[in-house]
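Number of protein chains: 2
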Amino acid sequence: MSHLILARSRNDMRQHLKIWRDQGKKIALVPTMGALHNGHIALIELGKQYADHVVTSIFVNPTQFGPNEDLARYPRQEDEDRAKLCTIGCDLLYAPNLEELYPQGFQTRIELGAITQRLEGVFRPHFFSGVATVVAKLLLQVTPDLAIFGEKDWQQVQVVSTMVKDLDLDVTILTAPTVRDPDGLALSSRNAYLNAEERRLAPKLKSALDKIAHQLKTNPAGLDFIVGQAKQDLLAAGFREIDYLEVCHSLTLEPWQLGDPARILVAAWLGQTRLIDNIGTS
Amino acid sequence: MSHLILARSRNDMRQHLKIWRDQGKKIALVPTMGALHNGHIALIELGKQYADHVVTSIFVNPTQFGPNEDLARYPRQEDEDRAKLCTIGCDLLYAPNLEELYPQGFQTRIELGAITQRLEGVFRPHFFSGVATVVAKLLLQVTPDLAIFGEKDWQQVQVVSTMVKDLDLDVTILTAPTVRDPDGLALSSRNAYLNAEERRLAPKLKSALDKIAHQLKTNPAGLDFIVGQAKQDLLAAGFREIDYLEVCHSLTLEPWQLGDPARILVAAWLGQTRLIDNIGTS
Chain U
0 MSHLILARSR NDMRQHLKIW RDQGKKIALV PTMGALHNGH IALIELGKQY ADHVVTSIFV
60 NPTQFGPNED LARYPRQEDE DRAKLCTIGC DLLYAPNLEE LYPQGFQTRI ELGAITQRLE
120 GVFRPHFFSG VATVVAKLLL QVTPDLAIFG EKDWQQVQVV STMVKDLDLD VTILTAPTVR
180 DPDGLALSSR NAYLNAEERR LAPKLKSALD KIAHQLKTNP AGLDFIVGQA KQDLLAAGFR
240 EIDYLEVCHS LTLEPWQLGD PARILVAAWL GQTRLIDNIG TS
Chain S
0 MSHLILARSR NDMRQHLKIW RDQGKKIALV PTMGALHNGH IALIELGKQY ADHVVTSIFV
60 NPTQFGPNED LARYPRQEDE DRAKLCTIGC DLLYAPNLEE LYPQGFQTRI ELGAITQRLE
120 GVFRPHFFSG VATVVAKLLL QVTPDLAIFG EKDWQQVQVV STMVKDLDLD VTILTAPTVR
180 DPDGLALSSR NAYLNAEERR LAPKLKSALD KIAHQLKTNP AGLDFIVGQA KQDLLAAGFR
240 EIDYLEVCHS LTLEPWQLGD PARILVAAWL GQTRLIDNIG TS
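Residue numbers (numbering that gives the first Met the number 0), protein chains in the order written: chain U, 0 to 281; chain S, 0 to 281.
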């Protein structure tokens with residue numbers, strides 16, 4: 000249990016970081032929307048391995064939610080989050096108010112091209128612009144040496160990496176594997192929305208991904224059939240709708256072709272809850 | 000006459016700057032598209048006043064030109080530019096190739112809101128997104144302490160300042176007043192396009208601005224009439240078309256209202272050449 004500094008303003012945060020920076024310390028940033036679970040903890044652990052100090056940010060970013068999405072009910076539990084950050088040994092929590100990130104008159108946004116127009120981009124058209132803008136702001140406010148993202152949001156990681164490269168942001172992006180419950184369900188703050196029956200069904204997403212990964216390894220020619228079947232199975236099991244279930248080029252997110260590095264990604268609805276997941280194939 | 004370092008690549012440029020930075024020297028960046036004239040020289044002079052080393056960049060940025068604009072014929076004269084930079088005592092010329100700024104796969108752009116949707120934004124819809132993106136990239140590649148822009152491109156200065164503030168870019172923006180020929184014509188690389196007759200007419204732009212500034216001071220109630228008359232006078236004198244001639248809030252560029260800080264801005268065509276100019280009212 001260590002001391003956790005809490006900074007609500009950019010200037011306060013920067014003053015603390017300046018001390019570490021003047022000492023030549025390496026700083027890692029873990030950007031989150033709070034409601035921290037073991038997936039986040041794994042990111043912070045990774046930060047501790049590669050940097051001297053870890054900063055976690057908690058900011059439920061309104062610009063990445065669409066008008067009919069779950070901004071209002073997104074879980075907020077800062078007291079529990081702070082206790083977890085203390086336990087894990089995070090050094091500083093940056094939990095800015097809206098005004099610190101989007102002051103009066105704010106009107107800049109960062110847009111990416113092709114990589115944001117597939118998968119999540121189709122179903123959440125404003126999502127990646129919101130993510131890219133807030134991540135750029137956090138990276139420029141904190142100016143960490145490293146920033147750490149979870150592979151659970153695979154497309155987001157690729158979008159952020161592309162933006163960092165395109166804009167010459169001076170930061171190294173590290174990623175950590177998805178953390179799962181024993182039954183395979185990927186940890187997500189949104190799992191809290193699931194009722195008991197939905198929670199029971201949820202791990203079938205991972206099973207569907209596994210089945211496709213197996214097919215890809217053994218007989219890629221039969222892939223389309225297996226993907227179609229996996230969709231039908233999910234719907235039959237009780238998923239309300241499947242936004243996408245696709246095999247993609249792991250970096251560009253374009254439809255997979257023989258020889259490409261592959262990533263299998265899914266987004267599907269259980270009742271009112273939208274879950275996403277993905278796996279690699281190596 | 001001093002030594003001018005020429006860097007074509009980001010890495011080469013950064014290596015030179017690191018030496019100065021490690022010595023604690025202050026660095027100013029003057030971003031240009033080349034075809035340097037005394038307006039640019041004034042920016043570099045300002046940089047020399049406020050910083051220890053001045054970096055000038057020359058990059059004719061294709062993304063800020065529309066499909067029917069003058070990208071192909073924009074004047075390129077690097078040898079003359081380099082001689083001028085030597086004479087003035089600029090320390091480093093960063094003249095990157097296209098690939099240094101827009102490598103394969105580049106797909107990020109920066110968009111601003113209201114401030115980019117008036118005046119130039121109406122007539123050159125991709126212009127400010129191109130400017131914001133390339134300026135952000137130059138600022139992030141060079142990471143200067145100061146960056147210097149000319150008031151000749153007044154709306155551009157406001158767009159860049161807004162972006163720098165919105166994205167928390169750690170740089171101070173300085174501006175230098177427009178440099179004019181003795182007859183009032185604002186210096187511009189595009190003045191090279193003018194034939195003798197057009198060159199003779201061109202200073203009337205500045206006269207129109209002056210007339211409106213006078214009206215604003217003496218009788219703002221009669222402003223609309225005077226602006227309308229100034230437009231007619233320009234057309235009668237031989238200007239082919241007036242894109243805009245407007246009194247605006249000097250920072251937001253919204254239509255001017257009594258009590259606002261004012262800026263008077265004009266864009267008009269002489270033959271195939273589009274000229275812009277602006278003045279304040281203090």
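Don't be surprised by glycine CBs; every beta carbon is placed ideally from N, CA and C.
Per-residue burial, residue i [other beta carbons within 10 Å of its own, 16 or more giving buried]
i               : result
I109 of chain U : buried
E197 of chain S : buried
T103 of chain U : According to the sequence as given, residue 103 of chain U is Gln; it is not Thr. Exposed.
Q231 of chain S : exposed
V357 of chain S : Absent from the structure is residue 357 of chain S, since the part of chain S shown begins at 0 and ends at 281.
Q63 of chain S  : buried
D152 of chain S : buried
S188 of chain S : buried
E240 of chain U : exposed
G221 of chain S : exposed
D78 of chain U  : exposed
K205 of chain U : buried
G65 of chain U  : exposed
R81 of chain U  : buried
D223 of chain U : exposed
S56 of chain U  : buried
P30 of chain U  : buried
L257 of chain U : exposed
Q157 of chain U : buried
Residue i: contacting residues in chain U (beta-carbon distance under 8 Å)
i               : result
F289 of chain S : As shown, chain S starts at 0 and ends at 281. That puts residue 289 of chain S outside it, with no answer to give.
Chain U residues whose Cβ lies nearer than 9 Å to that of residue i
i               : result
K136 of chain S : D165, L166 and D167
E253 of chain S : Under the 9 Å cutoff, chain U gives no residues; its nearest Cβ is about 12 Å from E253 of chain S.
H12 of chain S  : Residue 12 of chain S is actually Met in this sequence, not His. Within chain U, no residue comes near M12 of chain S; the closest Cβ sits about 11 Å away, beyond 9 Å.
T177 of chain S : Correct list: empty, because the minimum Cβ distance to chain U is about 26 Å.
Residue interval of the alpha helix (DSSP H) (run including residue i)
i               : result
T132 of chain U : F126 to V141
I114 of chain U : No alpha helix (DSSP H) contains I114 of chain U, which DSSP labels as neither H nor E.
V158 of chain S : W153 to D165
N10 of chain S  : R9 to D21
V29 of chain U  : Where V29 of chain U is concerned, there is no enclosing alpha helix (DSSP H), although the beta strand (DSSP E) it sits in stretches over I26 to T31.
A212 of chain U : K203 to T217
T62 of chain U  : Note, T62 of chain U: premise wrong, no alpha helix (DSSP H); not H, not E.
R262 of chain S : Segment A261 to L269 is the beta strand (DSSP E) holding R262 of chain S; no alpha helix (DSSP H) there.
T86 of chain U  : E77 to I87
L118 of chain U : Premise fails: L118 of chain U is in no alpha helix (DSSP H) and is neither H nor E.
Y49 of chain S  : N37 to Y49
L222 of chain U : L222 to A236
Host beta strand (DSSP E) of residue i (start-end)
i               : result
C247 of chain U : E240 to H248
N277 of chain S : T272 to G279
L145 of chain S : L145 to G149
L5 of chain U   : I4 to A6
T251 of chain S : Segment: none, T251 of chain S is in no beta strand (DSSP E) and carries neither H nor E.
L200 of chain U : Looking at the DSSP string, L200 of chain U is not in any beta strand (DSSP E); the run it does join, the alpha helix (DSSP H), is A195 to L200.
H52 of chain U  : H52 to I57
Y73 of chain U  : Neither: Y73 of chain U is in no beta strand (DSSP E) and is coded neither H nor E.
Selected residue, minimal CA-CA separation from residue i, among the options
i               : options                          : result
L208 of chain S : S:I225, S:N194 and S:A220        : S:I225
R117 of chain U : U:L252, U:A266 and U:Q271        : U:L252
R262 of chain U : U:L269, U:L91 and U:N277         : U:N277
Q140 of chain S : S:Q271, S:N10, S:L3 and S:Y243   : S:N10
L70 of chain S  : S:E79, S:V59, S:D80 and S:E77    : S:V59
E98 of chain S  : S:R81, S:D259, S:P74 and S:P61   : S:P61
M32 of chain U  : U:H52, U:P95 and U:V53           : U:P95
L100 of chain S : S:L137, S:Q76, S:H125 and S:L111 : S:L137
R123 of chain S : S:R81, S:N67, S:I18 and S:Q22    : S:N67
A236 of chain S : S:I114, S:G88 and S:K203         : S:K203
T86 of chain S  : S:E44, S:L233 and S:L234         : S:E44
L234 of chain S : S:H39, S:L5 and S:G270           : S:G270
P143 of chain S : S:N218, S:G46 and S:Q157         : S:G46
R72 of chain S  : S:N190, S:I211 and S:L145        : S:N190
A175 of chain S : S:H39, S:I211, S:L16 and S:T115  : S:H39
F126 of chain S : S:Q154, S:C247, S:I147 and S:L91 : S:Q154
C89 of chain S  : S:A131, S:G227 and S:L35         : S:L35
D182 of chain U : U:A201, U:V130 and U:T171        : U:A201
Interface residues of chain S facing residue i [CB-CB closer than 8 Å]
i               : result
T161 of chain U : G104, Q106 and T107
Cβ of residue i within 8 Å of any chain B Cβ
i               : result
A131 of chain S : Looking at the structure shown, chain B is missing, and the protein chains on hand are U and S.
Proximity test, residue i beta-carbon vs the ligand FMN heavy atom, cut-off 7 Å
i              : result
E99 of chain U : For the ligand FMN, the structure offers nothing, since it holds no ligand at all.
Proximal residues, the stretch 140–157 of chain U versus chain S, C-beta separation under 9 Å: Q140 and T142
Members of the stretch 88–118 of chain U near chain S, C-beta cut-off 7 Å: F105, Q106, T107, R108, I109, E110, L111, G112, A113 and I114
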